[in-house]
Amino acid sequence: MEKFSLIFPAFGIDYLGNEDQIINNYSFDITGYFKKAGKFLETNLNDLKKNDNELYSQIDVYIYCCIISDILKKKNICPSFLAYYSMGIYSALYFSGSITFEYGLYLIKTVYETCLDFLKTNEKKFSMALIIGLDYEDVLKLITKNNLEVEIINQNNRYNLILSGLLKDINIIMGKAINEGALKTKLIPTKIPFHSTIIKDASKDIREKISDNDIKDSAVKLISAHDQRTYYKQGEIIEEIIKNISNNINWLKTFKKLLSLKYKIFIETGPGESLTKIAKFIEGDFKIYAINKLDQIINELISV
Amino acid sequence: MGIIKAGTRDEVKKTVISFFSEECEVDESNISEETNVIKDLEGDSLMFLELLEIFKKKYGLDFELKTIGKYVVKHPVQTIKDIIEMTILIIQHENNINDLA
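As you go down the protein sequences, you meet chains A and B in turn.
Counting in the numbering used here, the first sequence tops out at residue 1349, every number present.
Counting in the numbering used here, the second sequence tops out at residue 601, every number present.
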């Protein structure tokens, strides 16, 4: 049997729109997960489903990732590696048994609120953006030439970059990128410049709020999106949660590392198909399945 | 400058329609030159990028993506016909496409 890895998406993705229907086919009670989250966050279910709240939209992706994780576990689908994109780390840790569903909610809420509190001391506004069509060096030149407070915080593939920084400068670089030949730029709806040095000091505050007792060794090996290290021990997990907040990540390198480890099957364990789409521009001999192919991948893996 | 052979346009058209049919899960018979890629097929920039890569390999083209990006800003691509015509120009002019009037 081919080795396979689950890959967990981040927040801010586009949903397919039929996620509930796909999950319902497996007789999973979506409402139960949302009720649990609503209770934990002391908010009602209707508020939680509103997409205009940044924290709740993060929670929403996390919940779907956890539900799909539970479907795969129920089907005895056992990956030998877990990779995560950005804040997908929390759902990867949930799958691995390192944290509970509730502790994942706690971590997401704590990271979000601590970063926001930290940024309140700064009068400037921050955000993130996606640029498609320019390569790393082109964007770096634009940042340097225009003296912008913007960092390239992730490379998804050769022509797909994520930036974090001052909102004002993010808007400037999006305009300049189009003039330079970018096919698309998109503002990511967040007030927090994740994976940038801007929030480095906030990540120190977050460390104090993480209880070591609530995090266990991972049952499955994880790969760091930051430096592509593989790890599973409790101490390494805590260190990675912190690093994952304010350090740059590199999805392209992460994916290539998995390919170099001879992984040829990937399952996007969350809503949407963003990682599946990105992977089309990564060279290699592999198959990748999004949630809309859940039936297919489960049948293929079970029949082997 | 690349040479457009007889049948190249038909070949490009076939590739474009087949690509969007597969990507957007729409039957080929429902895609024509007048089909709006964004409104009718919910196509996106990643699909466009993928299609450019396909043509780059298929015809051994030499162009920088940002050159095409600059061209698209001046000549927005909306329909299947727009994509076919732009592809023909890329095959003919590659990196010099923006020198066209």
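Using N, Cα and C, we set each Cβ at its ideal position, and we do this for glycine too.
These figures come from a predicted structure and were not determined experimentally.
Identified DSSP bridge partners for A:Asn1199: Under DSSP, A:Asn1199 shares a beta bridge with A:Ile1207.
Interfacial residues, the stretch 1221 to 1233 of chain A to chain B, with Cβ spacing under 8 Å: Against chain B - using a Cβ distance shorter than 8 Å - the residues of the stretch 1221 to 1233 of chain A are Ile1223, Asn1224, Glu1225, Gly1226, Ala1227, Leu1228 and Lys1229.
Pair within 8 Å by beta-carbon distance, A:Ala1270 and A:Trp1296: In this structure, the beta-carbon distance from A:Ala1270 to A:Trp1296 falls below 8 Å.
Runs of alpha helix (DSSP H) wholly within the stretch 1072 to 1151 of chain A (minimum 4 residues, chain order): Correct list: 1075 to 1086, 1090 to 1093, 1099 to 1119 and 1134 to 1141.
Three-way DSSP call (helix, strand, coil) for A:Ala1264 in this model: Here A:Ala1264 sits in coil by DSSP.
Per-residue DSSP class, three states only, for A:Ser1360: Given a span of 1046 to 1349 for chain A in the structure shown, any question on residue 1360 of chain A remains unanswerable.
Rounded straight-line distance, which links the Cα of A:Ala1137 to that of A:Lys1266: Rounded to the nearest angstrom, the gap between the Cα atoms of A:Lys1266 and A:Ala1137 is 10 Å.
Boundaries of the beta strand (DSSP E) in which A:Thr1230 is found, first to last residue: Residues Lys1229 to Ile1233.
Whole-angstrom C-beta distance between A:Pro1238 and A:Glu1099, which should lie under 8 Å: About 13 Å separates the two Cβ atoms, so there is no contact after all.
Reduced DSSP category for A:Leu1051 - H, G, I as helix; E, B as strand; rest coil: Strand.
Best match in A:Asn1069, A:Ile1218, A:Ile1113 and A:Ser1209 for proximity to A:Lys1245 [C-alpha to C-alpha]: Of the candidates A:Asn1069, A:Ile1218, A:Ile1113 and A:Ser1209, the one whose C-alpha sits nearest the C-alpha of A:Lys1245 is A:Ser1209.
Reduced DSSP secondary structure (H/G/I, E/B, other) of B:Asn536: Residue state, collapsed to three classes: strand.
Cα-Cα separation between A:Ser1143 and A:Met1132, rounded to whole angstroms: Distance between the alpha carbons of A:Ser1143 and A:Met1132 is about 15 Å.
Closest residue to A:Leu1339 among A:Ser1050, A:Ile1068, A:Ile1153 and A:Ala1222 (Cα-Cα distance): Taking A:Leu1339 as reference, the option from A:Ser1050, A:Ile1068, A:Ile1153 and A:Ala1222 with the minimal CA-CA separation is A:Ile1068.
Sufficient close CB pairs (3 or more, under 8 Å) joining the stretch 1146 to 1160 of chain A to the stretch 1169 to 1178 of chain A: Contact fails: fewer than three Cβ-Cβ distances are below 8 Å.
Interface flag, B:Gly569 vs chain A, CB-CB below 8 Å: Closer than 8 Å to the CB of B:Gly569 there is at least one CB belonging to chain A.
6 Å CB neighbourhood of B:Phe555 in its chain, flanking five on each side removed: Here the set comprises Thr587.
Cross-chain neighbours of B:Ser545 in chain A, by beta carbon under 8 Å: Chain A residues near B:Ser545: Ile1177, Gly1178, Leu1228 and Lys1229.
Those residues which DSSP pairs with A:Lys1332 across a bridge: As a beta-bridge residue in DSSP terms, A:Lys1332 pairs with A:Ile1310.
Contacting residues, own chain, Cβ-Cβ under 6 Å from A:Ala1324 (five flanking each side not counted): Once the five neighbours on either side are set aside, the close Cβ partners of A:Ala1324 are Ile1333.
Close beta carbons around A:Ile1052, own chain, < 6 Å, minus the five adjacent residues each side: Shown here for A:Ile1052: same chain residues with a beta carbon closer than 6 Å to its own, the five before and five after excluded, namely Ala1128, Phe1311, Glu1313 and Leu1320 in chain order.
Rounded distance between the beta-carbons of A:Ile1268 and A:Phe1022, thought under 8 Å: Since the first residue shown for chain A is 1046 and the last is 1349, residue 1022 of chain A is missing from the structure and cannot be characterised.
For A:Tyr1157, the three-state DSSP class (helix, strand or coil): Judged by DSSP in its simplified three-state form, A:Tyr1157 adopts helix.
Segment limits, alpha helix (DSSP H) that includes B:Thr515: In the DSSP assignment, B:Thr515 falls within the unbroken alpha helix (DSSP H) covering Thr508 to Cys524.
Under 8 Å from the C-beta of B:Glu550: neighbouring residues of chain A: Per Cβ cutoff of 8 Å: Lys1325 and Phe1326.
Contacts of A:Asp1183 in chain B (Cβ-Cβ under 7 Å): By Cβ distance, chain B contributes Lys566.
Contact with chain A by B:Val512, beta-carbon distance below 8 Å: For B:Val512, the answer is no, since every Cβ of chain A falls outside 8 Å of its Cβ.
Cα-Cα separation, A:Leu1145 to A:Ile1255: Inspection of the sequence shows that residue 1145 of chain A is occupied by Thr rather than by Leu. Taking the Cα positions, A:Thr1145 is about 13 Å away from A:Ile1255.
Under 8 Å by beta carbon: chain A residues contacting B:Val572: Those are Leu1228, listed as they occur along chain A.
Within 9 Å of chain B by C-beta, residues of the stretch 1062 to 1084 of chain A in sequence order: Hits within the stretch: zero.
Close-in-space but distant-in-sequence residues of the same chain around A:Ser1291 (CB under 6 Å, 5 per side omitted): So the list reads Ile1244, Lys1245 and Ser1248, once near-sequence residues are dropped.
Of the residues A:Ile1347, A:Leu1346 and A:Glu1328, the one placed nearest B:Glu550, counting alpha carbons only: When the alpha-carbon of B:Glu550 is set against those of A:Ile1347, A:Leu1346 and A:Glu1328, the nearest one is in A:Glu1328.
Minimum C-alpha distance to A:Glu1194 - residue among A:Leu1212, A:Val1106 and A:Asp1059: Of A:Leu1212, A:Val1106 and A:Asp1059, the residue nearest in Cα terms is A:Leu1212.
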